[in-house]
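Enquirer: Here it is, the structure in full.
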Amino acid sequence: MSTGGSNARVVVAGFPAATAPASSDSGVIGWGRRVLADVNPNRYVVLIAFLLIFAFFAITQRDHGFLTSTNLINIGRFAAPIAVMAVGMTFALAAAEIDLSLIAVVGLSSLVAAKVVESNGLVIAALAALAVGATIGLVNGMLSVKLRIPSFLVTLGMTGIIGGVARSVNDLKSLPISDEDFQTVFGGKLGPVSSLLVWSAVALALGWVAFAKLRFGRHVLSVGANRPAAKMVGIRTDRVRIGVLLIGSIAAAFAGVMLAARSGVGKHDILADNELLSVIAAVVIGGTSMFGGRASVAGAVVGAVTISMMTNGLTLAGLSVNNQMIARGVIIVAAVAISSREKKEA
Amino acid sequence: MKHTKHQSGRVLLGAVLALGLLAASCGSDEEATSGSAATSAAPAASDASATETAVTGTATSDDPAATADPVTVGPAGETATASSEIVLTDAELATVNEGGFTAALLWHTEGAFVTAVSNGVHAVFDKLGIEIVAETSAGFDATKQASDVATVMALDPDIIVTLVVDPDAGAEALEPAVDAGVKLVLLSNVPTGYVHGTDYVGLATDDLAGMGIAAADLLGESLGGSGKVGYIFHDAAYYVTNQRDAAFKARLAQMYPGIEIVAEEGMAAPARAEEIASAMLTTNPEVTGIYTPWSDGPADGVLAALRAADRSDVKLVTMDLSDNASLDLAMGGNVVGIAADEAFELGRTLATEGAYGVLDKETPPFVVVPAIAVTRTNLVEAYERSLDSEPPAAVTEALGG
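Going down the list, the protein sequences come from chains A and B.
Everything in the first sequence is counted per numbering that gives the first Met the number 0, starting at 0 for the first residue and increasing by one.
Everything in the second sequence is counted per numbering that gives the first Met the number 0, starting at 0 for the first residue and increasing by one.
In structure tokens:
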């Protein structure tokens with residue numbers, strides 16, 4: 000990634016993205032202007048895509064059970080880990096950084112959770128997985144900042160290291176999880192509600208609070224929009240850059256916990272490598288700039304659900320794997336391209 | 000101007016979405032998963048240089064009209080010889096021991112299967128006094144394997160045991176070894192243009208058709224000969240899984256007319272198995288049996304989908320022993336059977352064929368090791384026969400051991 004884009008307009012989280020506090024407007028008039036800015040339809044690309052895709056499959060796949068409650072819940076369940084990762088990736092992209100090691104972190108954390116839970120219970124298992132994520136995120140951040148290596152290069156290299164470690168943890172094999180509490184809390188049902196959806200909502204809430212209410216969120220956007228300027232006004236840009244990679248990695252580690260609980264195993268390739276595209280696409284379609292300075296956590300979550308729904312619909316439609324890949328790729332690339340273009344124009 | 004751009008952007012978005020979704024609707028006509036008997040094509044044909052599974056008397060192994068069992072035949076249609084026939088006499092054993100031979104093992108990847116095969120090779124070579132000077136893994140990378148060949152040739156081995164990742168690239172890579180007179184023993188794949196007895200001394204593989212038959216029988220019997228089944232196959236041109244999948248399908252059609260495959264889905268990435276199975280259950284709730292091409296990954300995903308859908312009634316069969324599927328089988332869950340190979344025996348066979356090579360003893364052109372139909376009853380024994388190991392403690396406990 001670049002060292003910060005030239006976006007003069009800093010926008011923060013929420014759905015739709017809201018104007019940053021960099022604006023000098025205040026009071027009712029300023030609030031009104033911001034609200035009007037927020038209803039700009041160009042920021043609703045993800046919603047348009049969501050509604051279009053939903054409507055298409057609701058019509059064409061109705062007879063195949065697309066609209067059944069079970070299927071709609073499944074769409075949410077499969078979107079949940081991607082959504083959590085997308086929330087984490089939103090921080091990195093908003094700060095004009097990127098983390099390509101997320102999928103490897105997911106695999107390793109799922110194995111760590113699976114190993115630890117059998118002897119130490121679900122809380123320690125989850126914490127151990129998060130600790131792994133935090134350590135990797137810290138290493139990513141420190142290497143990028145201290146050695147002045149772009150984050151995409153650092154995290155690309157770390158992908159190999161983490162992946163190699165994950166492959167050796169259980170000799171490439173699945174590691175079964177027999178702890179039912181772990182499976183219920185992180186991947187099953189809490190009462191009538193899927194815990195996966197609950198954890199996604201928690202991630203969404205935390206991300207929203209960070210961007211909308213905390214100074215850290217504003218600093219992330221400022222660093223992403225213009226790092227030299229952010230430094231000049233006293234923002235500790237190095238800390239912010241390390242912080243966003245830390246958050247991204249922790250989110251990925253938690254996604255690994257969710258996946259391990261959902262599938263009942265830890266495995267180095269529990270999430271396919273190409274799901275990194277889903278994560279980035281979800282974030283960008285959702286309204287976050289690839290070049291920093293703009294973020295929408297809620298948009299990222301809706302983006303994740305949209306991509307999950309697309310995959311689900313294409314599968315229900317009986318497409319071959321090859322055709323699914325083509326259709327999915329076309330739609331994602333187009334949506335990202337149009338989303339990015341409209342944001343530049345906005 | 001700006002307004003125009005926005006409009007055109009939306010039009011473009013709509014058009015592209017429509018294009019992608021149109022592709023969905025077009026594809027669904029030919030490869031529908033629901034309602035009727037599946038019509039999609041069988042997995043990609045096997046590599047021409049590899050051994051093949053065929054239904055006697057027909058060209059393909061998944062012809063529902065076939066009347067004979069699928070059988071595993073060699074690259075040129077050779078009849079398979081059972082691995083139990085590959086043995087050394089005491090005199091031959093002594094001769095090899097005095098030879099001071101060396102060997103290199105060039106595997107295609109790592110994992111439980113390769114570990115068990117390797118253990119089998121090591122056991123025999125230890126007994127024969129053959130020193131293993133190198134053991135490599137190519138990670139399914141033909142270029143890496145070519146590099147491995149070049150590297151081990153510097154160690155001047157007498158025997159190379161290998162599974163070539165790519166038959167064309169492997170033919171090129173192994174040429175220096177063949178020219179140097181190294182005794183080449185092949186697992187499953189034959190390098191393009193290589194001739195038995197001239198370029199390589201032996202070829203051994205799993206009884207892939209036997210595994211498909213075993214899986215079909217396990218599912219057919221658990222369903223009592225009738226029911227509706229979902230078939231998840233490996234959607235890749237990968238010889239081993241293609242042959243096993245095809246044999247399963249052929250056997251099911253042939254022996255269990257009361258069982259109908261109503262949903263058929265290809266799977267390229269194991270991580271997507273859960274989504275595929277969930278969609279299958281949504282579209283075809285009447286399914287009471289599912290087949291997955293292997294256990295470690297795909298069966299895990301299907302088990303997760305069944306758990307989420309509260310479908311404890313669905314019977315699952317799969318291939319190859321894995322800890323999670325074995326645990327489910329031991330606990331009396333969805334998994335009713337696993338078709339496994341005898342990987343350790345495969346290693347023993349390969350190593351013995353290597354000894355045949357240094358003794359200039361003629362080998363059969365094509366050798367197969369038997370398949371095992373694994374149920375809860377023989378699970379412990381199957382681990383020993385297949386992987387040369389005990390089951391994990393959790394499995395033993397679930398069996399009441």
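We treat Cβ as the ideally placed atom computed from N, Cα and C, and that holds for glycine.
#1: Could you have a look at E389/B and say whether DSSP puts it in helix, strand or coil?
#2: Pop quiz: L222/B and T282/B are said to be a contact at Cβ under 8 Å. What is the actual Cβ separation, rounded to whole angstroms?
#3: Among residues of its own chain, excluding the 5 on either side of V86/A, which ones have a beta-carbon nearer than 8 Å to its beta-carbon?
#4: Threshold first: 3 residues or longer. Then list the beta strand (DSSP E) segments lying entirely within the segment 111-185 of chain B, N to C.
#5: Any residues in the segment 69-92 of chain A with a beta carbon nearer than 9 Å to a beta carbon of chain B? Which ones, in chain order?
#6: Counting only the same chain and skipping the five closest in sequence on each side, list residues whose C-beta sits under 7 Å from that of V332/A.
#7: Is there a Cβ from chain A that is less than 9 Å from the Cβ of E274/B?
#8: Which residue marks the beginning of the alpha helix (DSSP H) containing G247/A, and which one marks its end?
#9: In the DSSP output, which residue or residues are listed as bridge partners for S316/B?
#10: I believe K248/B touches Y230/B by the beta-carbon criterion, under 8 Å. Please report the beta-carbon distance rounded to the nearest angstrom.
#11: So which residues of chain A does G110/B contact, with C-beta pairs closer than 9 Å?
#12: Going by the DSSP bridge assignment, what does V45/A pair with across the sheet?
#13: DSSP state of S221/A, grouped into three classes?
#14: Leaving aside the five residues before and after V168/A along the sequence, list all residues of the same chain whose C-beta is less than 6 Å from its C-beta, in chain order.
#15: Taking all protein chains shown into account, decide if I81/A is buried (16 or more other Cβ within 10 angstroms of its Cβ) or exposed.
#16: I want to see whether chain B comes within less than 9 Å of I269/A, judged by CB atoms only; does it?
#17: In whole angstroms, what is the alpha-carbon distance linking T67/A and E179/A?
#18: Output the boundary residues of the alpha helix (DSSP H) element that contains Y238/B.
#19: For I258/B, which residues does DSSP report across the bridge?
#20: Residues of chain A with CB under 9 Å from A308/B, in chain order?
#21: Given that T314/A touches chain B, what residues does it touch there, using C-beta distances under 7 Å?
#22: Could you tell me the boundaries of the alpha helix (DSSP H) in which D205/B lies?
#23: Within 10 angstroms of the Cβ of G159/A, are there 16 or more other Cβ atoms? Answer buried if so, exposed if not.
#24: Is it buried or exposed, R250/B, if we count other Cβ atoms within 10 angstroms and call 16 or more buried?
#25: What does a CB cutoff of less than 7 Å around V148/B pick up in its chain, not counting 5 residues either side in sequence?
#26: Are the CB atoms of A213/B and A111/B within a distance shorter than 9 Å?
#27: So which residues of chain B does T310/A contact, with C-beta pairs closer than 7 Å?
#28: Should A397/B be labelled buried (16 or more other beta-carbon atoms within 10 Å of its own) or exposed?
#29: Measuring alpha carbon to alpha carbon, tell me which residue in D340/B, F365/B, V70/B and E274/B is nearest A381/B.
#30: Using DSSP's beta-bridge definition, name the partner residues of M266/B.
#31: Using DSSP bridges, identify the partner residues of V368/B.
#32: Consult DSSP for A94/A and reduce its assignment to one of helix, strand or coil.
#33: Taking 9 Å as the CB-CB cut-off, is M318/B touching chain A?
#34: Can you pull the DSSP bridge partners for A103/B?
#35: Helix or strand or just coil, what does DSSP make of P297/B?
#36: Would you report the Cα separation of V334/B and S325/B, rounded to the nearest angstrom?
Expert: Taking the coordinates as given:
#1: coil
#2: Not a contact, Cβ separation roughly 20 Å.
#3: If the five residues before and after V86/A are omitted, its C-beta is found closer than 8 Å to the C-beta atoms of A202, L203, L205, G206, A250, V296, A299 and V300, all from its own chain and listed in chain order.
#4: The segment 111-185 of chain B contains these whole beta strand (DSSP E) runs: 130-136 and 158-161.
#5: T69, N70, I72, N73, R76 and F77
#6: none
#7: yes
#8: T236 to S262
#9: The sequence as given places Val at residue 316/B; Ser does not occur at that position. DSSP, once it has assigned bridges, lists Y290/B and G336/B as partnering V316/B.
#10: 6 Å
#11: D170, L171 and K172
#12: None; V45/A has no bridge partner.
#13: helix
#14: L110
#15: buried
#16: yes
#17: 27 Å
#18: Y238 to M254
#19: G226/B
#20: T69 and N73
#21: Close partners of T314/A in chain B (Cβ separation under 7 Å): E274, I275 and A278.
#22: Segment G201 to D205 is the beta strand (DSSP E) holding D205/B; no alpha helix (DSSP H) there.
#23: exposed
#24: By the 10 Å Cβ count, R250/B comes out buried.
#25: L105, A172, L173 and A176
#26: no
#27: E274
#28: buried
#29: D340/B
#30: DSSP lists H233/B as partners of M266/B.
#31: DSSP output for V368/B lists D205/B as bridge partner(s).
#32: coil
#33: no
#34: In DSSP, A103/B forms a bridge with A133/B and I159/B.
#35: helix
#36: 8 Å
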